[in-house]
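Residue numbers (the numbering used here): 1 to 377.
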């Protein structure tokens, strides 16, 4: 079964290459250029610069190069037919050593060159005798083995192997890039799937706290804001990217719900430059970071600041919040780690992401490549 599959794939590769219109077009162009060059050389050699003389030599060249033209596509297709990937070096060498003489002798035995030599070396009625043809063929190959034709056939063979090597490399590169894109998309999907349940868990806890404290109107308002927020998140999930303005709208809904729980203890200040609003950013980029600031920030006074501006390096975003003086845990939640990993997957080394503590504040700074909503990603 494996051998039959290999043979079937090889035959398909040979037929596809042989029937490719581009191959025959390129061979025809090369053949015409060769004939024109041959005719011009003959005209120049005899110094007979007339149109009729040119076509006379052109017709003469067609007889000489006809077999060459017919064999050239087959030779290139045959070179593409031979697998250079799975065979050992010895078998590859045997392929080459057997293929070159076989094609060379096949083309010569077509009779184009043999008849030409018969007319020159064996004139008369015996020219069509099989013995005379074989004698002319022997004379041709014995004294002119390493001639222009053989060199050209070798060139065609190398073109075929080069073609196969190039296509194999290109296909491998395309496959590698496709797998990388699929890997990135799957990892991004995993991160986003991890972010949303984590976020919803904390929001539902906030609404639950409102219900327990008999603040039912506030809980209803929070549920309404949550529905708007979830609608925005669902719309956001249809694309891996959204505008900074859309992200800020989600933040407003989230902060509203959190203020129902924390009241005046929570403040949120934004400083956004005009150019930054239409910049495209990864979806759900800011929400986990702000949520992290609320959950792990100061319980007495949580003043969150958000700054965003377009600089020469890219879109600069800075989030700052005071730390709790007596934290229950030393971690800073899943949002920061997931966002850092997402940015690394999307932008690679072209983005910067830093987190540090300074003067009792936890600060996140990031710079990502600028891209407006009118530009394609």
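Glycine is no exception: its CB is placed at the ideal position from the N, C-alpha and C atoms.
Indicate whether residue i and residue j have their beta-carbon atoms separated by less than 9 Å.
i: residue 288; j: residue 338; result: yes
i: residue 205; j: residue 228; result: no
i: residue 336; j: residue 355; result: yes
i: residue 35; j: residue 51; result: no
i: residue 293; j: residue 260; result: no
i: residue 210; j: residue 218; result: yes
i: residue 232; j: residue 250; result: yes
i: residue 310; j: residue 370; result: yes
Does DSSP put residue i in a helix, a strand or coil?
i: residue 112; result: Low confidence applies here, because residue 112 scores a pLDDT of 49, under 50, leaving its location unreliable; read the following figure in that light. Correct three-state label for residue 112: helix.
i: residue 36; result: helix
i: residue 215; result: coil
i: residue 277; result: coil
i: residue 175; result: helix
i: residue 289; result: helix
i: residue 318; result: strand
i: residue 313; result: coil
i: residue 240; result: coil
i: residue 25; result: helix
i: residue 224; result: helix
i: residue 168; result: helix
i: residue 300; result: coil
i: residue 53; result: helix
Kindly indicate the opening and closing residues of the beta strand (DSSP E) around residue i.
i: residue 366; result: 361-368
i: residue 280; result: 280-282
i: residue 259; result: Unbroken run through residue 259 is the alpha helix (DSSP H), 244-262; no beta strand (DSSP E).
i: residue 269; result: 266-272
i: residue 354; result: 352-358
Compute the Euclidean distance between the alpha carbons of residue i and residue j, then round it to the nearest angstrom.
i: residue 364; j: residue 307; result: 11 Å
i: residue 28; j: residue 345; result: 48 Å
i: residue 270; j: residue 262; result: 19 Å
i: residue 267; j: residue 361; result: 15 Å
i: residue 331; j: residue 291; result: Low local confidence applies: a pLDDT of 46 at residue 331 is under 50, so the model's placement there is unreliable, and no value is given.
i: residue 357; j: residue 343; result: 21 Å
i: residue 216; j: residue 226; result: 15 Å
i: residue 146; j: residue 159; result: At residue 146, the pLDDT of 46 sits below 50, so the modelled position is not reliable and the matter cannot be decided from this model.
i: residue 258; j: residue 359; result: 25 Å
i: residue 380; j: residue 316; result: Residue 380 is absent from the model: the chain starts at 1 and stops at 377.
i: residue 32; j: residue 347; result: 50 Å
i: residue 122; j: residue 60; result: Because the pLDDT of residue 122 is 49, which lies under 50, any placement of that residue in the model is unreliable, and the number read from its coordinates should be weighed accordingly. When rounded, the distance between both Cα atoms is 19 Å.
i: residue 43; j: residue 166; result: 39 Å
i: residue 112; j: residue 53; result: Confidence at residue 112 is low in this model, with a pLDDT of 49, below 50, so its placement is unreliable and the value that follows should be read with caution. Taking the straight line from one Cα to the other gives about 22 Å.
i: residue 366; j: residue 25; result: 54 Å
i: residue 313; j: residue 37; result: 57 Å
i: residue 203; j: residue 171; result: 48 Å
i: residue 90; j: residue 169; result: Its pLDDT being 48, under 50, residue 90 is placed unreliably by the model, and nothing is read from it.
i: residue 265; j: residue 176; result: 51 Å
i: residue 424; j: residue 214; result: Residue coverage of the chain in this structure runs from 1 to 377, which leaves residue 424 outside it and unanswerable.
i: residue 273; j: residue 352; result: 20 Å
i: residue 30; j: residue 241; result: 50 Å
i: residue 178; j: residue 341; result: 20 Å
i: residue 378; j: residue 48; result: Because the chain in this structure spans residues 1 to 377, residue 378 falls outside the shown range and cannot be described.
i: residue 201; j: residue 255; result: 16 Å
i: residue 224; j: residue 208; result: 14 Å
i: residue 295; j: residue 212; result: 19 Å
i: residue 56; j: residue 62; result: 10 Å
i: residue 324; j: residue 297; result: 5 Å
Establish whether the CB of residue i and some CB of chain B are separated by less than 9 Å.
i: residue 283; result: Here there is only one protein chain, and chain B is not present.
Three Cβ pairs or more, each shorter than 8 Å: is that satisfied between the segment 296-304 and the segment 275-286?
Verdict: no, contact absent.
Between the segment 266-280 and the segment 241-251, are three or more C-beta pairs nearer than 8 Å?
yes
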